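Trainee: I'd like to ask some things about the structure below.
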Ligand code: SF4
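Numbering (the UniProt record's numbering), first residue to last: 1 to 409.
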C-alpha cells in the first residue's frame, strides 16, 4: 500500500455552474450549508443565510416544503440581493417539488439549484411523471440539480427488486452490499433518466448519503468509479458536537484524500440554541487542515502538559484565533493571501522554538522552571524575546504588524 503524503489527484468531474460558483471540473472544493429556519419566515431565513455566508458558506440550501415556503423564496433572494449577499440558494424538495416549482415560477427562478431526492419524488406510476416535470423545470429555468439519494428515504421499489434478485442469485451478497448497490443505482439511474430527458451532465450533481463512515466511503468510492458526475459529499445524521465532527471529518477526509468530492457539507446537529455556522467552520477547517484550500490563518498550539502548568499559552492561542476569526471578513479584502498565514503558540522550550520556527510567526512561552522569557520567531528567525506582564499583548501586536507588513498593500 502506498504511503501518502499528499492527497491523490482530484478526480476530474463534469463542471457544474451554480450562478457564479463552479462545482466540479477541478474547481476548488466548495463549502455549503443548510438553514434550519422555516423558509416561510423571511426575516429569520435571510438572517441565517447571511450568517452562513459570512462564515464562509459558498452555497446555502433552504427547505422548500409548502406553498408558504415557495412564496417566500423570491422574497428571501431579493432581500439578500439588496444586502449585497450573492450566495446562490439551493431549494431542497421532497414529495411535491414538481408542484411547488410549477405553481411558483418566481421561486423556480430565484433558486440556483434544485435538490431532488429520487426516493421522495413520487411513487409507482406518478414517479416518472413527477421526476420528468422537475427535469423539465430545471431546463426551462436553466438550473442545475442535485440528485440527492439518502439511505433513509431510498427508492423502495428499486431496493426490493435488488434484494429479490440477490436472494435468487447463486452467491447472495450481504444485505448491506445490496443496500449500497441500491443507493448507487438510484443516483446513477436517476441521472441517466435526467440526461435522457434532455438535461446536460453539466447540470447534474450527485450525492448518496448514509450515516455510517465505512458505508459512506464504500458508496462514494464506487459511485466515483462508475461515473464522472460532480459529487456532493456529506455524512447524513452525523450527530452533535465532537461525534458529528469526528465522524464527518473521518468519512469526508478519506474520500477527499482519494480525490473524490466537489462540494461538501458537514451535517452537524446544533446544540439547542447553538450556532448554525459551526458546520461551515468545520468544513473549512477540514479542507484547510488537509491542504485543499486556505480560508483563515491557522493558529497551531501545543496541547500543554506537565511542563507548563500555566494557562497563558492556551489563553493566548485562543485570543489570537478569535481575533483572527473576528477580523477575517475585513482582512480578506484588506490583506489578500492572509488566509495562508500560520501562527504558532507553544507552551515550553521542548517543542516551542522548533515549531515556532516553522510558522510564519510563532512564540515559545516559558514552561515551568524556565527563564521567564518568550522568544518570538518571524519567518524562521528569532526576532525578539518578550518578557514581563505584557507578553500576550506584545505578541498580539507583533502578529498584527506582521500581517500588515506582509499582506498590506
Ligand atoms: S511544547 Fe512543552 S508544554 Fe507544550 S506539549 Fe510540548 S512539552 Fe508540553
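For each residue, glycine too, the CB sits at the ideal point set by N, CA and C. On a predicted model such as this, the values are computed, not experimentally measured, just so you know.
Can you check DSSP and say which residues form a bridge with residue 150?
Mentor: Residue 150 pairs with 209.
Trainee: How would you label residue 180, buried or exposed, when you count the other beta carbons within 10 angstroms and need 16 or more for buried?
Mentor: It is buried - the Cβ of residue 180 has at least 16 other Cβ atoms within 10 Å.
Trainee: For residue 338, which residues in the same chain have their Cβ closer than 7 Å to its Cβ, ignoring the five residues on either side in sequence?
Mentor: Same-chain partners within the cutoff: 297, 331, 403, 407.
Trainee: If you scan the stretch 160-213 from start to end, which runs of the alpha helix (DSSP H) of 4 or more residues do you find wholly inside it?
Mentor: You should have 175-196.
Trainee: Grouping DSSP H, G and I as helix and E and B as strand, with all else coil, what is residue 240?
Mentor: Looking at residue 240 - three-state DSSP - the assignment turns out to be strand.
Trainee: Could you pull out every residue in the same chain whose Cβ sits closer than 8 Å to the Cβ of residue 392, ignoring the five residues on either side in sequence?
Mentor: Taken in chain order, the residues that qualify are 312, 315, 316, 319.
Trainee: Which residue from 351, 266, 342, 152 puts its Cα closest to that of residue 210?
Mentor: Here the closest residue by C-alpha is 152.
Trainee: Counting Cβ pairs closer than 8 Å, one from the stretch 158-176 and one from the stretch 190-198, do we hit at least three?
Mentor: No: fewer than three Cβ pairs fall under 8 Å.
Trainee: Pull up the distance between the alpha-carbon of residue 185 and that of residue 191, whole angstroms please.
Mentor: Cα to Cα, the separation comes out at about 10 Å.
Trainee: Output the distance between the C-alpha atoms of residue 342 and residue 400, rounded to the nearest integer angstrom.
Mentor: Taking the straight line joining both Cα atoms gives about 13 Å.
Trainee: Assuming the contact rule is C-beta atoms closer than 8 Å, residue 206 and residue 182 should be a hit. Round their C-beta distance to whole Å, please.
Mentor: Their Cβ separation, rounded to whole angstroms, is 14 Å, which puts residue 206 and residue 182 out of contact at 8 Å.
Trainee: Thinking just about the alpha-carbon of each residue, which of 255, 264, 176 is nearest to the one in residue 29?
Mentor: Looking at the Cα atoms, 264 is the closest of the given residues.
Trainee: Nearest CA to the CA of residue 370: which residue from 336, 217, 349?
Mentor: It is 349.
Trainee: Return the bridge partner residues of residue 28 from the DSSP annotation.
Mentor: Paired residues: none, contrary to the question.
Trainee: Exposed or buried, what is residue 171 when buried is set at 16 or more other beta-carbons lying within 10 Å of its beta-carbon?
Mentor: Exposed: under 16 other Cβ atoms inside 10 Å.
Trainee: Quick check on residue 402: does DSSP put it in helix, strand or coil?
Mentor: Note: residue 402 maps to helix in three-state DSSP.
Trainee: Quick check: the stretch 59-75 against the stretch 281-297, are there 3 or more CB pairs under 8 Å?
Mentor: Flag = no, the stretch 59-75 and the stretch 281-297 do not touch.
Trainee: Just verifying my parser: in three-state terms, what is the DSSP assignment at residue 47?
Mentor: Here residue 47 sits in helix by DSSP.
Trainee: Consult DSSP for residue 342 and reduce its assignment to one of helix, strand or coil.
Mentor: Note: residue 342 maps to strand in three-state DSSP.
Trainee: Please list, following the chain, all residues that have a C-beta closer than 6 Å to any non-hydrogen atom of ligand 2.
Mentor: Judged by which ligands are present, ligand 2 is missing from the structure shown, whose ligands are ligand 1.
Trainee: When you compare the CB positions of residue 247 and residue 299, do they come within less than 8 Å of one another, or not?
Mentor: No, they are not a contact pair.
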